[in-house]
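Numbering (this note's numbering), first residue to last: 95 to 319.
I have placed the structure first, in the form of structure tokens, so that the comments after it can refer back to it.
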Amino acid sequence: MVYPKIGSVIVRDGREMTYTHIQANQTPSRSVCFFFPGASYSFDRPYLYYSTMLFLSKQFDLVYVHAEYGRDNTDFWNSSFAKRSAWISEEMQTVVSHVLDVHEYERVFFLGKSLGTVPITCRLLKESRFARSSAILLTPLLTEEVFHTKLLTLTQQVFLVSGTADHYYNQGVVDQLATSKPNIQLHLPQNAKHSLDVDLYVDDSLQVLQSVMGELARFLDKQID
95 MVYPKIGSVI VRDGREMTYT HIQANQTPSR SVCFFFPGAS YSFDRPYLYY STMLFLSKQF
155 DLVYVHAEYG RDNTDFWNSS FAKRSAWISE EMQTVVSHVL DVHEYERVFF LGKSLGTVPI
215 TCRLLKESRF ARSSAILLTP LLTEEVFHTK LLTLTQQVFL VSGTADHYYN QGVVDQLATS
275 KPNIQLHLPQ NAKHSLDVDL YVDDSLQVLQ SVMGELARFL DKQID
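Below you can see the structure in the form of structure tokens.
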């Protein structure tokens with residue numbers, strides 16, 4: 095049984111952003127993971143759903159941040175990537191700080207999908223208080239220079255998943271990471287798209303899902319030993 099509670103915080107321009115704080119048990123855990131979804135990838139989609147199960151099975155508390163960056167947010171999408179990066183990073187930092195002011199945790203993890211990887215890489219892991227945090231980056235925006243420049247400076251332990259058929263896949267950046275960043279564990283499913291599906295091949299897509307969850311479980315076990 096899990097124990098979810100809805101909270102909110104005021105972010106940019108006085109808007110209210112909600113989050114769901116999920117306790118794995120009746121008493122708070124010593125560890126928490128913040129989940130940042132993609133622009134159109136919700137928490138009930140496979141990779142966030144099964145990541146949730148995995149973290150809860152390891153007695154992590156979770157924080158789902160209900161960010162609203164869909165295509166109907168024209169102010170956001172009409173901005174440059176640098177401005178969008180600063181926008182989302184500022185708002186996610188506000189939510190994280192609010193939660194951590196209320197709840198004390200010894201260990202903080204971050205998990206993002208697509209656009210949700212931006213605040214993790216470009217802002218949160220740059221803070222000294224998260225120097226020992228770990229991160230999971232699912233289908234990050236490797237083609238964006240602002241993003242991959244920050245990624246190459248990270249020192250924390252990171253699990254990065256990018257399908258080779260993802261339109262954000264960048265072989266040059268992957269090669270740099272593989273040769274110079276031993277702290278970043280790469281998992282690169284062949285022919286997987288941004289959704290991490292393999293076209294319409296059900297068996298292949300499920301094999302990718304299973305491989306990602308298996309590698310993620312091993313990554314988490316190493317971090318929490």
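Think of the CB as a built atom: it goes at the ideal place given N, C-alpha and C, for glycine as much as any other residue.
Looking only at C-alpha atoms, which of the options sits nearest to residue i?
| i | options | result |
| --- | --- | --- |
| C216 | K316, Q304, E239, F129 | E239 |
| H281 | S299, D298, T258 | T258 |
| E200 | L303, A225, K287, S151 | A225 |
| T247 | K275, P234, S228, A229 | K275 |
| S305 | P283, V292, K287, V296 | P283 |
| A133 | A176, Y263, Q270, H288 | H288 |
By how many angstroms is the C-alpha of residue j removed from the C-alpha of residue i?
| i | j | result |
| --- | --- | --- |
| F203 | F154 | 9 Å |
| S123 | V157 | 12 Å |
| Q265 | R139 | 27 Å |
| Q187 | Y113 | 13 Å |
| T237 | L245 | 12 Å |
| T249 | D298 | 33 Å |
| F128 | V103 | 15 Å |
| F149 | E309 | 13 Å |
| A180 | D315 | 32 Å |
| I278 | A272 | 8 Å |
| A118 | V126 | 10 Å |
| Y135 | D260 | 15 Å |
| H197 | T168 | 34 Å |
| D107 | R312 | 41 Å |
| S227 | I318 | 11 Å |
| T211 | P234 | 6 Å |
| H160 | R109 | 13 Å |
| F137 | I100 | 15 Å |
| S151 | Q120 | 14 Å |
| T243 | F170 | 22 Å |
| V296 | D195 | 44 Å |
Would residue i and residue j be called neighbours here (beta carbons separated by less than 8 Å)?
| i | j | result |
| --- | --- | --- |
| H115 | V189 | no |
| V255 | L232 | yes |
| V302 | L294 | no |
| V252 | A286 | no |
Assuming the contact rule is C-beta atoms closer than 8 Å, residue i and residue j should be a hit. Round their C-beta distance to whole Å, please.
| i | j | result |
| --- | --- | --- |
| I182 | L209 | 7 Å |
| V96 | E185 | Contact flag wrong, Cβ pair sits at about 25 Å. |
| P131 | K207 | 6 Å |
How would you call residue i, buried or exposed, if buried means at least 16 neighbouring beta carbons within 10 angstroms?
| i | result |
| --- | --- |
| P213 | buried |
| S145 | buried |
| Y143 | exposed |
| R223 | exposed |
| L300 | exposed |
| M111 | buried |
Is the closest heavy atom of the ligand NAD to the C-beta of residue i under 7 Å?
| i | result |
| --- | --- |
| I116 | In the structure on display, the ligand NAD does not appear, and there are no ligands present to speak of. |
Measuring only between beta-carbons, confirm whether residue i sits less than 8 Å from chain D.
| i | result |
| --- | --- |
| T249 | Among the chains in the structure shown there is no chain D, since it carries only a single protein chain. |
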